[in-house]
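For reference, the structure discussed in these notes is given below.
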Amino acid sequence: MIQVNIDSVRISLMTQNRIVVLREVNSQRYLPIWIGAPEADAITLKLQNITVQRPLTHDLLMNVITTLEASVESVFIKELKDDIFFAEIILNQHGLKVGVDARPSDAIALAVRANVPIYVDERVMEVAGRVPEADLAQSILSEDDESVEEETFAEEDLGAFADFIESLDLDDLSAN
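1462 is the number of the first residue of the sequence shown in our numbering; add one for each residue after it.
Right, dumping it as structure tokens:
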């Protein structure tokens, strides 16, 4: 098992899809996992210590686990099959360990609420883990491990489109 931390939760501006990026502890290897918007929001809200008036689904699940006198011990991303990740939430109830099948996004959202470690199977990391190019890796690794960020683009990222956008005359567009 490889321990990972949440490096970031990102939004693709092109597709609006969300990705949680897990980073191997003491390594440059990353594991990107596509997740849904509600799960991305649930992870991000908790990492940024934002409270909501009523419990979200993952807060409710945490409340149920606690009410049943159990605790979350860890989360384990255990398999990658047909491009689908599988996870397990490891619970402890009065010394009895129980594994509960879960989507990685839900397991991670629960892990941040319980403040427990996240692990990835070595085979999953071998297949789906990524190491950024050397100069890119240094800039990524210098960021805070617990950072949560949305992907943003500076003007230079727009490349060829920057000139086109600046040449648009908005008055002409509204005349039609």
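Beta carbons are placed, not taken as given, at the ideal position from N, Cα and C, and that holds for glycine. These numbers were taken from a predicted model, which means no experiment stands behind them.
Closest by C-alpha distance to R1574, when choosing among V1525, Q1464, W1495: For the set V1525, Q1464, W1495, the Cα lying nearest the Cα of R1574 is the one of V1525.
Give the secondary structure of R1515 by DSSP, where H, G and I count as helix, E and B as strand, and everything else as coil. In this structure, R1515 counts as coil in the three-state DSSP scheme.
Whose C-alpha, out of K1542, D1468, L1517, L1474, is nearest the C-alpha of V1481? Proximity to V1481 across K1542, D1468, L1517, L1474 peaks at D1468, based on C-alpha coordinates.
V1470 and L1483 closer than 8 Å at C-beta: Contact annotation: V1470 and L1483 have beta-carbon atoms that are not nearer than 8 Å.
Give every residue of the same chain whose Cβ lies closer than 7 Å to the Cβ of V1588, excluding the five residues on either side of it in the sequence, and list them in chain order. Closer than 7 Å at Cβ, skipping near neighbours: L1541.
May I have the straight-line CA-CA distance separating S1488 from G1590, to the nearest angstrom? Their Cα atoms are separated by approximately 11 Å.
According to DSSP, I1480 sits in a beta bridge with which residue or residues? Its beta-bridge partners are R1471, W1495.
Local Cβ density within 10 Å of M1475, reported as buried at 16 or more and exposed below that: Flag for M1475 reads exposed.
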